[in-house]
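J.: Sending over a structure as structure tokens; questions will come in a sec.
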Amino acid sequence: MIHSYIRPRKKSAITQETLLMFTFFGITLLMLLLTYVFLAYKDYSFVRDAQAISKERALLEKNLVKMKNEIVYIEKQKQFSQTIYTQNSVLKDSIANLFDLVPQRITLSQAKLLENGLVLYGITPNKDVYNFMLQAPLRSIFHRTYSSFYPAQNGWLRFVSTNYSDEEELDNED
Amino acid sequence: MLDKFLETLYNKVFVNIVVEGSKTNVYMELCTGNSKLEMIHNTHEVFETNTLSTQMLEYIESYTRETPYFYISILDNSLAQGVIPTCDKGRLSYYHDVSASEYKCSANNWTYFTSKTDLYSIEKKYHKIGVDFIFSPFTVLSHFFKDKITSDLAMYILIETSTISIAIFSNGELLYGDHLNTHHIIEEDGLTSGDLDEDIDLNLDEGIDLEDIDVDGDEMELIDDFGDIEDLDTLEDIDEFAGHKDIEEELYEAAEEPKSISTESSFNEDYQRFTLIQSCIAAYYKDEKYESSFIENVYVADGVGVSSELKRYLEEEMFLNVYVRQANISMEVCELAKMEFDV
């Protein structure tokens with residue numbers, strides 16, 4: 038101010054109306070920006086989740102393969118156990134049948150099951166009892182039977198009966 | 007920041023209001039540019055009122071509503087205004103009691119002042135449109151004759167419809183100044199057109215008969231003082247006196263439009279102006295407060311279209327070299343407003 042007695046009023050293009058307009062546009066822009074940020078975050082979150090799910094899926098697929106293998110292994114084990122169980126049942130029955138074969142007058146002291154044979158240790162009153170009552174059924178079961186005797190202190194005879202089944206002949210029977 | 011940017015997008019409107027008696031001259035200028043203003047349109051309108059009428063308000067608002075950057079400038083027409091030939095605050099009261107005045111220092115050597123009450127009344131009068139600048143007629147005068155006031159001693163007069171602002175500058179320094187109201191004098195003296203018809207036999211075709219002019223005692227003394235000039239009877243003295251003429255201004259004056267035809271009413275007003283100027287010069291010479299120097303040249307900024315009679319009175323009665331420049335006061339006010347805007 039160099040000449041005028043008074044100072045000029047402050048001039049501004051921002052009137053109440055333009056201020057209201059700028060406020061309105063400002064709020065609108067802010068809302069748009071916030072929406073954009075929200076959608077961008079959601080998009081990022083979605084991509085991140087998709088990646089995590091993809092990784093999890095791959096892991097699950099890997100585990101699935103592993104579990105399938107385990108199932109196969111377990112099934113094999115189960116089958117194998119069933120086989121063993123069956124074999125044991127058969128063996129049990131065989132042993133039961135074996136002991137059923139032993140007459141009352143002969144006493145067994147030891148029995149050894151071999152892969153393709155049976156060794157019996159026991160006491161018999163005499164050879165005839167043994168030959169007729171035990172050896173005869175053993176011969177019907179096994180292909181080869183060998184018996185040996187030696188006397189016990191009480192006058193009875195201790196015996197060792199060794200019995201074998203020939204595999205070739207078993208295959209032929211099958 | 008945003009305001010600065012928006013300011014560059016808008017045009018600026020300068021509204022300049024000059025009250026001329028019972029009329030108001032409103033001059034508008036539409037400018038573009040921010041640092042350097044360039045006028046793209048201007049218009050002016052005269053309203054038959056000296057208040058802010060509805061028509062004037064609508065006219066101004068039709069321009070100002072286009073842009074928020076509009077500046078209302080008003081020329082102060084207060085009667086209680088004047089100038090003081092110093093900027094020293096301690097010495098202001100020696101010339102005038104400025105306790106109830108608003109004052110500003112100009113060019114670091116003179117002060118112009120006006121009544122605070124009148125400033126408030128102007129602001130109140132135009133409160134519907136607001137006021138940005140109020141300029142003193144002395145500022146307009148000094149700006150109008152800025153190419154002359156730095157030269158030798160001369161008297162500068164701004165003539166408005168109802169007032170005269172007189173300032174005497176010597177080499178850019180103010181020596182004396184006064185602001186006078188012509189209508190006030192007319193009413194005080196009861197000097198009307200009818201009175202003149204009765205008291206003075208005026209033949210306008212032949213010009214004024216100086217013998218018939220009735221002047222009071224002081225004025226007679228002044229004229230007697232001027233009578234000493236009759237002693238300058240040698241050719242050398244006359245040449246020396248003529249040597250102070252402003253040839254450049256005379257050529258400028260000759261190139262201007264021919265003077266307006268004198269009518270009875272303009273003659274009365276010009277006579278009153280002459281009387282005021284005469285009394286003002288007498289006061290300047292006699293008042294011991296002011297440094298007196300002999301005035302040879304008078305530059306008149308004619309804002310109303312005075313008749314050639316005024317010039318003739320001054321030249322023949324007071325032996326002054328008178329140069330009249332036509333002035334569009336509202337445009338000068340606009341120039342000042344633009345200067346303020348640049349600052």
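Residue numbers (my numbering), protein chains in the order written: chain A, 38 to 211; chain B, 7 to 349.
Beta carbons are placed, not taken as given, at the ideal position from N, Cα and C, and that holds for glycine.
(1) Closest to residue 286(B) by C-alpha separation, out of 22(B), 88(B), 21(B), would be which residue?
(2) For the stretch 88-104 of chain B against the stretch 51-60 of chain B, do three or more pairs of beta-carbon atoms, one drawn from each stretch, fall closer than 8 Å, so that the two count as touching?
(3) If we count the other Cβ atoms within 10 Å of its Cβ and call it buried at 16 or more, is residue 240(A) buried or exposed?
(4) Would you verify that the beta carbon of residue 145(B) is, or is not, closer than 8 Å to some beta carbon of chain A?
(5) From the DSSP output, which residues share a beta bridge with residue 25(B)?
(6) Out of 31(B), 170(B), 60(B), state which residue places its alpha-carbon closest to the alpha-carbon of residue 51(B).
(7) How about residue 21(B) and residue 69(B): do their beta carbons lie closer than 8 Å?
(8) So that I know if they touch, is there some Cβ in chain A lying closer than 8 Å to that of residue 69(B)?
(9) How is residue 58(A) classed by DSSP in three states: helix, strand or coil?
(10) Between the C-alpha atoms of residue 179(B) and residue 77(B), what's the straight-line distance to the nearest angstrom?
(11) Compare the C-alpha of residue 298(B) against each of 104(B), 146(B), 161(B) and name the closest.
(12) If we define contact as Cβ-Cβ less than 8 Å, is residue 78(A) a contact residue for chain B?
(13) Could you tell me if residue 34(B) is buried or exposed, where buried requires 16 or more neighbouring beta carbons within 10 angstroms of its beta carbon?
(14) By DSSP's criteria, residue 110(B) is part of a beta bridge. Which residues make up the other side?
(15) I think residue 339(B) touches residue 24(B), with their Cβ atoms under 8 Å apart; what is that distance to the nearest whole Å?
(16) Got a sec: is the Cβ-Cβ distance from residue 52(A) to anything in chain B below 8 Å?
(17) Could you say if the stretch 95-107 of chain A and the stretch 133-144 of chain A meet the contact criterion of at least three C-beta pairs nearer than 8 Å?
(18) Report yes or no: is there a C-beta of chain A within less than 8 Å of the C-beta of residue 16(B)?
(19) Please give the ranges of any alpha helix (DSSP H) in the stretch 119-160 of chain B, keeping only runs that are unbroken, at least 4 residues long and fully inside the region.
(20) Leaving out the 5 sequence neighbours to the left and right, which residues in its chain are closer than 7 Å to residue 310(B) when beta-carbon positions are compared?
(21) Could you check if residue 154(B) is buried or exposed, using at least 16 other CB atoms within 10 Å of its CB as the buried criterion?
(22) Go ahead and label residue 114(B) buried or exposed: buried means 16 or more other beta carbons lie within 10 angstroms of its beta carbon, across all protein chains shown.
(23) Closer than 9 Å by beta-carbon distance: list the chain A residues that pair up with residue 120(B), in chain order.
(24) So what's residue 296(B) in DSSP terms, helix, strand or just coil?
(25) Quick check: is the beta carbon of residue 49(A) nearer than 8 Å to any beta carbon in chain B?
(26) By the 10 Å Cβ neighbour count, where 16 or more other Cβ atoms means buried, how is residue 279(B) classified, buried or exposed?
(27) Between the C-alpha atoms of residue 314(B) and residue 83(B), what's the straight-line distance to the nearest angstrom?
(28) Using alpha carbons as the reference points, say which of 289(B), 81(B), 36(B), 94(B) lies closest to residue 173(B).
(29) Taking the C-alpha atoms as reference points, what is the distance between residue 335(B) and residue 7(B)?
(30) Just checking: is the beta-carbon of residue 43(B) within a distance shorter than 8 Å of some beta-carbon in chain A?
(31) How far does the alpha helix (DSSP H) with residue 64(B) in it extend, from its first residue to its last?
(32) Closer than 8 Å, Cβ to any Cβ of chain A: which residues of the stretch 111-141 of chain B, in chain order?
(33) Return yes when the Cβ of residue 140(B) is within less than 8 Å of the Cβ of residue 66(B), no when it is not.
(34) Taking C-beta pairs closer than 9 Å, name the residues in chain B that residue 85(A) reaches, listed in chain order.
T.: Here's the rundown:
(1) For the purposes of this step, residue 286(B) is taken as the residue at position 280 of the second sequence. That would be 88(B), whose Cα lies nearest to the Cα of residue 286(B).
(2) With a cut-off of 8 Å, the stretch 51-60 of chain B and the stretch 88-104 of chain B do not count as touching, because too few Cβ pairs lie within range.
(3) In this structure chain A extends from 38 to 211, so residue 240(A) is not present and cannot be described.
(4) Taking the first residue of the second sequence as 1, we reach residue 145(B) at position 139. Taking Cβ atoms only, chain A reaches closer than 8 Å to residue 145(B), which makes this a yes.
(5) Within the second sequence, numbered from 1, the residue matching residue 25(B) stands at position 19. Paired residue(s): 30(B).
(6) Your numbering for residue 51(B) matches position 45 in the second sequence. Among 31(B), 170(B), 60(B), the Cα nearest to that of residue 51(B) belongs to 31(B).
(7) The residue you call residue 21(B) lines up with position 15 of the second sequence. The residue you call residue 69(B) lines up with position 63 of the second sequence. Contact flag set, yes.
(8) Taking the second sequence and counting its residues from 1, one reaches residue 69(B) at position 63. Judged by the 8 Å Cβ criterion, residue 69(B) is not in contact with chain A.
(9) Locating residue 58(A) in the first sequence gives position 21, counting from the first residue. Helix, per DSSP.
(10) For the purposes of this step, residue 179(B) is identified with residue 173 of the second sequence, where counting begins at 1. For the purposes of this step, residue 77(B) is identified with residue 71 of the second sequence, where counting begins at 1. Our two residues, residue 179(B) and residue 77(B), have alpha carbons roughly 31 Å apart in a direct line.
(11) As a working note, residue 298(B) is residue 292 in the second sequence. Closest by alpha carbon: 161(B).
(12) Your numbering for residue 78(A) matches position 41 in the first sequence. No, no contact with chain B.
(13) Within the second sequence, the letter at position 28 stands for residue 34(B). Its Cβ being crowded by 16 or more others within 10 Å, residue 34(B) is buried.
(14) What you label residue 110(B) is simply residue 104 of the second sequence in a count that begins at 1. Residue 110(B) pairs with 118(B).
(15) To locate residue 339(B), count along the second sequence from 1; it is residue 333. To locate residue 24(B), count along the second sequence from 1; it is residue 18. About 6 Å separates the two Cβ atoms, so the contact holds.
(16) Locating residue 52(A) in the first sequence gives position 15, where the first residue counts as 1. Judged by the 8 Å Cβ criterion, residue 52(A) is in contact with chain B.
(17) Between the stretch 95-107 of chain A and the stretch 133-144 of chain A, the count of Cβ pairs shorter than 8 Å is below three; the stretches do not touch.
(18) Position 10 of the second sequence, counted from the first residue, corresponds to residue 16(B). Yes, because at least one Cβ of chain A sits closer than 8 Å to the Cβ of residue 16(B).
(19) The DSSP assignment places 122-131, 143-150 as complete runs of the alpha helix (DSSP H) inside the stretch 119-160 of chain B, in order along the chain (cut-off: 4 residues).
(20) For the purposes of this step, residue 310(B) is identified with residue 304 of the second sequence, where counting begins at 1. Within the same chain, residue 310(B) has close Cβ partners 165, 166, 167.
(21) Here residue 154(B) corresponds to residue number 148 of the second sequence, with the count starting at 1. Buried is the call here.
(22) Start at 1 with the first residue of the second sequence, and residue 114(B) comes out as number 108. Using a 10 angstroms sphere on the CB of residue 114(B), the tally of other CB atoms stays under 16, which defines it as exposed.
(23) Within the second sequence, the letter at position 114 stands for residue 120(B). Per Cβ cutoff of 9 Å: 42.
(24) One-based indexing of the second sequence puts residue 296(B) at position 290. Residue 296(B): coil per DSSP, three-state reduction.
(25) Position 12 of the first sequence, counting from 1, holds the residue named residue 49(A). Interface residue, yes.
(26) Position 273 of the second sequence, counted from the first residue, corresponds to residue 279(B). Buried: at least 16 other Cβ atoms inside 10 Å.
(27) The residue labelled residue 314(B) in the question sits at position 308 within the second sequence. The residue labelled residue 83(B) in the question sits at position 77 within the second sequence. So the two alpha carbons sit approximately 25 Å from each other.
(28) Working through the second sequence from its first residue, we reach residue 173(B) at position 167. Across the set 289(B), 81(B), 36(B), 94(B), the C-alpha of 289(B) shows the shortest separation from the C-alpha of residue 173(B).
(29) As a working note, residue 335(B) is residue 329 in the second sequence. As a working note, residue 7(B) is residue 1 in the second sequence. The straight-line gap from Cα to Cα measures roughly 36 Å.
(30) For the purposes of this step, residue 43(B) is taken as the residue at position 37 of the second sequence. It does not; no Cβ of chain A falls within 8 Å.
(31) One-based indexing of the second sequence puts residue 64(B) at position 58. Unbroken alpha helix (DSSP H) run through residue 64(B): 60-70.
(32) 112, 120, 125, 129, 136, 137, 138, 139, 140, 141
(33) Counting from 1 along the second sequence, the entry for residue 66(B) is found at position 60. Counting from 1 along the second sequence, the entry for residue 140(B) is found at position 134. No. Outside cutoff.
(34) Here residue 85(A) corresponds to residue number 48 of the first sequence, with the count starting at 1. Simply none; closest approach about 40 Å.
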